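Residue numbers (the numbering used here), protein chains in the order written: chain A, 4 to 345; chain B, 192 to 502. In this text, a Cβ means the ideal position worked out from N, Cα and C, and glycines have one as well. On a predicted model such as this, the values are computed, not experimentally measured, just so you know.
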Amino acid sequence: MAVIAGRPNRGALLPRRLAAVTDSRVGSLAVYVIRRVLWMIPIVFFVIVITFVLMHSAQGSPWDKAGGRQLSQVVVDNLNKKYGLDKPVFFQFLLYIWNVLHFDFGLSYQYQGKSVVQLIAEGWPYTATIGTLAFALIVPLGIGLGVLAALRQNTRVDYATMGFATFAASFPNFVIGSLMIVLFSVLMYHWTQGAFFLPAGGWGVDSHLIMPAITLALLPIAYTARLTRASTLETLRQDYIRTAWAKGLTERLVVIRHVLKNSLIPVVTTLGPTFAFLITGSVIVETVFSIPGIGRAFVVAVTSRDYPMILGTTVLFSVVIAVANLVVDILYVFIDPRVRLT
Amino acid sequence: MAIPVAASEPAAIDWEVSEHQIGLWQDAWTRFRRNRLALVGLAIVVFLVVVALISPLLVRLHILADPIYQQLVSIETGPGVNGHVMGTDILGRDTLSRLMIGSQVSLTVGLLVQGIIFPIGLAIGLASGYFGGRIDNLLMRFTDIWYAFPDLLFVLVVVSVWRVQGPWYIQLIPIFGAIALVNWVGLARLVRGQVLSIKEKEYIEAARSSGSSPLKLILKHLLPNSLGPIIVTLTFGIPNAIFLEAVLSFLGVGIQPPQPTWGQMVADGTEAIYANPSGVVFPALAIGFTLLAFSFIGDGLRDALDPRMKR
Numbered sequence: 004m005a006v007i008a009g010r011p012n013r014g015a016l017l018p019r020r021l022a023a024v025t026d027s028r029v030g031s032l033a034v035y036v037i038r039r040v041l042w043m044i045p046i047v048f049f050v051i052v053i054t055f056v057l058m059h060s061a062q063g064s065p066w067d068k069a070g071g072r073q074l075s076q077v078v079v080d081n082l083n084k085k086y087g088l089d090k091p092v093f094f095q096f097l098l099y100i101w102n103v104l105h106f107d108f109g110l111s112y113q114y115q116g117k118s119v120v121q122l123i124a125e126g127w128p129y130t131a132t133i134g135t136l137a138f139a140l141i142v143p144l145g146i147g148l149g150v151l152a153a154l155r156q157n158t159r160v161d162y163a164t165m166g167f168a169t170f171a172a173s174f175p176n177f178v179i180g181s182l183m184i185v186l187f188s189v190l191m192y193h194w195t196q197g198a199f200f201l202p203a204g205g206w207g208v209d210s211h212l213i214m215p216a217i218t219l220a221l222l223p224i225a226y227t228a229r230l231t232r233a234s235t236l237e238t239l240r241q242d243y244i245r246t247a248w249a250k251g252l253t254e255r256l257v258v259i260r261h262v263l264k265n266s267l268i269p270v271v272t273t274l275g276p277t278f279a280f281l282i283t284g285s286v287i288v289e290t291v292f293s294i295p296g297i298g299r300a301f302v303v304a305v306t307s308r309d310y311p312m313i314l315g316t317t318v319l320f321s322v323v324i325a326v327a328n329l330v331v332d333i334l335y336v337f338i339d340p341r342v343r344l345t
Numbered sequence: 192m193a194i195p196v197a198a199s200e201p202a203a204i205d206w207e208v209s210e211h212q213i214g215l216w217q218d219a220w221t222r223f224r225r226n227r228l229a230l231v232g233l234a235i236v237v238f239l240v241v242v243a244l245i246s247p248l249l250v251r252l253h254i255l256a257d258p259i260y261q262q263l264v265s266i267e268t269g270p271g272v273n274g275h276v277m278g279t280d281i282l283g284r285d286t287l288s289r290l291m292i293g294s295q296v297s298l299t300v301g302l303l304v305q306g307i308i309f310p311i312g313l314a315i316g317l318a319s320g321y322f323g324g325r326i327d328n329l330l331m332r333f334t335d336i337w338y339a340f341p342d343l344l345f346v347l348v349v350v351s352v353w354r355v356q357g358p359w360y361i362q363l364i365p366i367f368g369a370i371a372l373v374n375w376v377g378l379a380r381l382v383r384g385q386v387l388s389i390k391e392k393e394y395i396e397a398a399r400s401s402g403s404s405p406l407k408l409i410l411k412h413l414l415p416n417s418l419g420p421i422i423v424t425l426t427f428g429i430p431n432a433i434f435l436e437a438v439l440s441f442l443g444v445g446i447q448p449p450q451p452t453w454g455q456m457v458a459d460g461t462e463a464i465y466a467n468p469s470g471v472v473f474p475a476l477a478i479g480f481t482l483l484a485f486s487f488i489g490d491g492l493r494d495a496l497d498p499r500m501k502r
């Protein structure tokens, strides 16, 4: 657990009055949160640096149209001037950082006249809807299947659940998405003579949401189920569970009050990585199902070398992931009273 | 993490060493062999390697259709039409042949990337774990930054920036670089953890007090004892690398045509999914089952190399 181990105790470096604050539980949590939030600044900064350096090490200019007609030098010069590409790279970098501090991520090259912030704001509702739906599937299904498999260990239920989890974890989501389109949109249409089928892509009706949400959720469900199963098996072997059985509690009480409460603690830590999964997953799922969200916008930006858009979305994604990890780490303290942050 | 070298002997004091000793690797192989799924995975992978190696020969001998030859009478046909076992794609090219040739790309990426990651991750992880201090601090801070960067996004950005023209194995170079760049950190962290836990063991103490040089200590004691988890991590890295390459090809920024790749075939098939769904199904299943095979092998190796993990 990254929370408990591996971090040096900085309390020793603090003045004595502050050290008294950090000794209390709430105080130490506050100090921890502040330090983690401050640590996000260099992380985001370096993400910008790495992406920025990559962008500017590219050969050719963003105005090279593949296969299309080339722009005349005058037009290219004007475009460079408009987007600030005529200035020295280091100056461009400082300007970019300055603008980012003012929530200005620049103008898109691809959709001229639109700013990156505008494009992200346009795509956000789609991505958030699918992500929220997927999350609503992941938590109950992942945990439910995991607990079920553990309680019925080495039975057919267990094998079926873990078999499903292995498949879902191995098949990439664009493969699952494409296969689902074949099954539910194409073949189902043929079989039922058009009476029942799911739309292969797009947006607007509720049925548009079904396949993308399931595709996005399958991999995290598989991981959560596996982890929950392992963690529940571990808990089931503990002495206090034997005690709970011995004092004659019903299965319901033992499972809900004693097993679940303890075995879900490590599962919470996976919620952070799950967030990262949902974000990278949205890139693929939105492409497969033609959903105009941020993930799709990122792919378009990457294929058309829309540098400000690539930078903007990368920064956004890394901030979201860093915040998600922070929230999970803090949540962990509230769930498990044994954890003390240093 | 020490691995028991042989099955534990009964407690009776019998100081004779038995004639037939079982080494670590033989022991692991025995345990691996008992895992049926792992054997299935191994069989699939061996089959794929054979396919990847002989398919160019089969094309040369005209036993297999040319993967880029367009047969205009049979565009978008389903399996079995006009002698195309798996049908043809949008441009009338034989799906079976493209699938077989495409396995070259997936396997090359999966296996070679691990060859790049292994020395880098190992060297940095060993140095960071053994010497600690500043190198260690730097590595940990670096991983903090790297973890904020999702794999796929980074690889996409790198590949969109650095594109190389030429035959497919030349085009693979930036893809190799990008995948290795995002994956060595995980291995380095693992090696570091291994070294940290083994460093304090008695046998290391013994070796050090009898005057082993740091280099010898690392190479002869630390490395062999942490090899099990490293091998398992590398094995699980193979499907991950194959997945990343397939996604790149699927999104159109990976290997460029005419060299067929599985990801590209899924994307091409999607364009004509209503006319011929099998064009999507075959490459999609090929990717899925290849990844499944490698993760079966990974599971088997983990159980075989670390007996305490097994339930």
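1) Taking just the CA atoms, how far does I315(B) sit from R399(B)?
2) What residue does the alpha helix (DSSP H) around E237(A) start on, and which one ends it?
3) Beta-carbon within less than 7 Å of F223(B)'s beta-carbon, same chain only, minus the 5 sequence neighbours each way: which residues are those?
4) Which residues in chain B sit within 9 Å of L182(A), going by Cβ to Cβ distance?
5) For V2(A), tell me which candidate among I324(A), Y114(A), V262(A), A228(A) has the shortest Cα-Cα distance.
6) If you drop the 5 nearest sequence neighbours on each side, which residues of the same chain put their C-beta closer than 6 Å to that of G301(B)?
7) Mark I294(A) as exposed unless 16 or more other C-beta atoms lie within 10 angstroms of its C-beta, in which case mark it buried.
8) Pick out whichever of V50(A), G126(A), I146(A), N81(A) has its Cα sitting closest to the Cα of T273(A).
9) Under 8 Å, Cβ to Cβ, is there at least one residue of chain A near F322(B)?
10) May I ask you to report which of helix, strand or coil DSSP gives S31(A)?
11) Can you find a CB in chain A that lies within less than 8 Å of the CB of D434(B)?
12) Please determine, among W216(B), L290(B), R227(B), V241(B), the residue with the shortest C-alpha to C-alpha distance to P449(B).
13) Give the residues from the region 211-223 of chain A that approach chain B closer than 9 Å (Cβ to any Cβ), ordered along the chain.
14) For chain B, find out if any of its Cβ atoms is closer than 8 Å to the Cβ of I7(A); answer yes or no.
15) Could you check what DSSP says for L110(A) in three-state terms: helix, strand or coil?
16) Answer yes or no: do F487(B) and V231(B) have a C-beta to C-beta separation smaller than 8 Å?
17) Pick from P91(A), I133(A), K90(A): whose alpha carbon is nearest that of I282(A)?
18) Short check: CB of L435(B) to CB of V346(B), under 8 Å?
19) 8 Å is my cut-off, CB to CB: does D459(B) come that close to chain E?
20) Taking the straight line between their C-alpha atoms, what separation do you get for F199(A) and T277(A)?
21) Distance check for L136(A) and V326(A), CA to CA, integer angstroms please.
22) Shorter than 8 Å from the beta carbon of F441(B) to some beta carbon of chain A?
23) Going straight from the alpha carbon of V296(B) to that of I446(B), what length do you get?
24) Pull up the CB-CB distance for G298(A) and V286(A), whole angstroms please, since I reckon it's below 8 Å.
25) May I ask you to verify whether the region 381-389 of chain B touches the region 407-427 of chain B, counting CB pairs closer than 8 Å and requiring at least 3?
26) Where does S246(B) fall in DSSP's three states?
27) What is the residue span of the alpha helix (DSSP H) that E396(B) lies within?
28) Assign T54(A) to one of three DSSP states: helix, strand, or coil.
29) Quick one: what does DSSP say I194(B) is sitting in, helix, strand or coil?
30) Using a Cβ cut-off of 8 Å (strictly closer), state whether F340(B) contacts chain A.
31) May I have the straight-line CA-CA distance separating S388(B) from I395(B), to the nearest angstrom?
32) Can you pull the chain B residues whose beta carbon is under 8 Å from the beta carbon of A228(A), in chain order?
33) Are the beta-carbon atoms of T286(B) and F480(B) separated by less than 8 Å?
34) Roughly how many angstroms separate the alpha carbons of I338(A) and I268(A), rounded to a whole number?
35) Write down the C-beta distance between V79(A) and G315(A) rounded to the nearest angstrom, noting that I regard them as a contact closer than 8 Å.
36) I need the boundaries of the alpha helix (DSSP H) containing L413(B), first residue and last residue.
In terms of the structure at hand:
1) 21 Å
2) 210-239
3) A229, G491, L492, A495
4) V471, V472, A475, L476, G479
5) Beyond the ends of chain A as shown, which are 4 and 345, falls residue 2(A); an answer cannot be given.
6) I429, A432, I433
7) buried
8) I146(A)
9) no
10) helix
11) Rather than Asp, the amino acid found at residue 434(B) in this sequence is Phe. Yes - at least one Cβ of chain A is within 8 Å of the one on F434(B).
12) L290(B)
13) none
14) In this prediction, I7(A) scores a pLDDT of 42, lower than 50, which makes its location untrustworthy; the coordinate-derived value is nonetheless stated afterwards. I7(A) does not count as touching chain B.
15) strand
16) yes
17) I133(A)
18) yes
19) Here the protein chains are A and B, and chain E is not one of them.
20) 32 Å
21) 20 Å
22) yes
23) 9 Å
24) 4 Å
25) yes
26) helix
27) 393-400
28) helix
29) Bear in mind that a pLDDT of 49 at I194(B), under 50, signals an unreliable position, so the model cannot answer this.
30) yes
31) 11 Å
32) Near A228(A) there are no residues of chain B at all, since even the closest Cβ is about 15 Å away, more than 8 Å.
33) no
34) 7 Å
35) With 8 Å as the limit, V79(A) and G315(A) do not qualify as a contact, their Cβ atoms being about 23 Å apart.
36) Careful: L413(B) lies outside any alpha helix (DSSP H) and carries neither H nor E.
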